[in-house]
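S.K.: One structure follows; several queries about it will come next.
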Ligand code: MN
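Residue numbers (this note's numbering): 1116 to 1346.
Here is the structure:
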């Protein structure tokens, strides 16, 4: 087959302990999946999980030990950090039951769901899609993927984000409203999951703005540290 121009390269993520890379298919994100974050966004109570997407090439891939550089995006004056546990799907499927979800997981990574909060809020008010607030270029910084067997008990792991050495977000994955299995059950009822899908599982409380020059350091215990400087 010939193309009229070269196809875009496949976005891919390094894997801890392997020279092979994880090719990205889609990026799914879960909204308001920690109670204290839902509250700070003005919502209470357990609602069914809901999802949005980012383009696969929105990943900003940061190798172990490196500091990524994220360009400050256009159109916003309120760029927010959301530290998240990212689930990497290795085996696809649809209508996956929560109890079987682990069979579909390749591994985990630390990610940031960067958000143009002012634009997202405008879209919310008008009942319009969130794409411009969530799916912009470089909006999905991510560290290397740790294979599931080496990740330890990720469902009980501490998750935090510091900006310029100060705590901004600190919680525990056990506080997810919809845990990883339940999230995969709901997600795979709506879309057939494919190998290469990433799921940003939601952020705990403490989301706030960063500006050019800030350095974000985030971690989910067992997955190493993610370091990103806003350029
Ligand atoms: Mn998020």
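We treat Cβ as the ideally placed atom computed from N, Cα and C, and that holds for glycine.
1. Please name the residue in 1307, 1311, 1313 and 1279 whose C-alpha comes closest to that of residue 1196.
2. Quick check on residue 1264: buried or exposed, where buried means 16 or more other Cβ atoms within 10 Å of its Cβ?
3. Within the chosen definition, does the region 1243 to 1256 reach the region 1295 to 1305 through at least 3 CB pairs nearer than 8 Å?
4. Going by beta-carbon coordinates alone, are residue 1190 and residue 1227 separated by less than 8 Å?
5. Evaluate the contact criterion for the region 1174 to 1194 versus the region 1266 to 1273: three or more CB pairs, one atom per stretch, below 8 Å.
6. Compute the minimum distance between the beta carbon of residue 1162 and the heavy atoms of ligand 1, and state whether it is under 7 Å.
7. Under 8 Å, do residue 1137 and residue 1130 count as touching if we go by C-beta distance?
8. Would residue 1230 be called buried (16 or more neighbouring beta carbons within 10 Å of its own) or exposed?
9. May I ask you to verify whether the region 1140 to 1157 touches the region 1313 to 1326, counting CB pairs closer than 8 Å and requiring at least 3?
10. Which residues mark the beginning and the end of the alpha helix (DSSP H) in which residue 1197 is found?
11. I need the residues with a C-beta less than 6 Å from some heavy atom of ligand 1; please give them in chain order.
12. Sort 1180, 1339 and 1287 by Cα distance to residue 1266 and report the nearest one.
13. How many Å lie between residue 1118 and residue 1127 at the Cα?
14. Leaving aside the five residues before and after residue 1285 along the sequence, list all residues of the same chain whose C-beta is less than 6 Å from its C-beta, in chain order.
15. Have a look at 1298, 1331, 1346 and 1167 and flag the residue whose alpha-carbon is nearest the alpha-carbon of residue 1198.
16. Can you list the beta strand (DSSP E) stretches of 3 or more residues lying completely in the region 1265 to 1316, in chain order?
17. Taking DSSP as the reference, what is the three-state secondary structure of residue 1231?
18. Taking DSSP's pairing of strands, which residues face residue 1144 in a bridge?
19. With DSSP as the reference, label residue 1150 as helix, strand or coil.
20. Just to confirm the assignment, what range does the beta strand (DSSP E) spanning residue 1183 have?
21. Given a cut-off of 8 Å, decide if residue 1216 and residue 1295 are closer than it, judged by their beta-carbon atoms.
22. Whole angstroms is fine: what's the gap from residue 1325's alpha carbon to residue 1116's?
23. Take the Cβ of residue 1232 as the centre, count every other Cβ of all protein chains shown within 10 Å, and call the residue buried at 16 or more, exposed below.
24. Per DSSP, what are the beta-bridge partners of residue 1255 in this structure?
M.R.: In terms of the structure at hand:
1. Per the Cα distances, 1279.
2. Of the residues assessed, residue 1264 falls on the exposed side of the cut-off, its CB having fewer than 16 other CB atoms within 10 angstroms.
3. Judged by Cβ distances under 8 Å, the region 1243 to 1256 makes no contact with the region 1295 to 1305, as fewer than three pairs qualify.
4. With respect to residue 1227, residue 1190 sits apart: the two C-beta atoms are not nearer than 8 Å.
5. These segments do not touch.
6. Result no, Cβ not under 7 Å from ligand 1.
7. Going by C-beta atoms, residue 1137 is nearer than 8 Å to residue 1130.
8. Buried is the call here.
9. At 8 Å Cβ cutoff, the stretches touch.
10. Looking at the DSSP string, residue 1197 is not in any alpha helix (DSSP H), and its letter there is neither H nor E.
11. Output, sorted by chain position: 1144, 1197, 1199, 1228, 1315, 1317 and 1318.
12. Comparing Cα-Cα distances from residue 1266 to each of 1180, 1339 and 1287, the minimum goes to 1339.
13. Their backbone Cα atoms lie some 22 Å apart in a straight line.
14. Close CB contacts of residue 1285 within its chain, under the 6 Å cut and outside five residues either way in sequence, are with 1275 (chain order).
15. It is 1331 whose Cα lies nearest to the Cα of residue 1198.
16. Taking 3 residues as the minimum length, the beta strand (DSSP E) runs contained wholly in the region 1265 to 1316 are 1273 to 1278, 1281 to 1287 and 1313 to 1315, in order along the chain.
17. In this structure, DSSP gives residue 1231 an extended state, which the three-state scheme calls strand.
18. 1167 and 1315, per the DSSP bridge assignment.
19. In the structure shown, residue 1150 falls within a helical segment according to DSSP collapsed to helix, strand and coil.
20. That run of the beta strand (DSSP E) goes 1182 to 1185.
21. Note that the C-beta distance between residue 1295 and residue 1216 is below 8 Å.
22. Going from the Cα of residue 1325 to the Cα of residue 1116 covers about 45 Å.
23. Per the 10 Å Cβ criterion, buried.
24. Residue 1255 is bridged to 1174.
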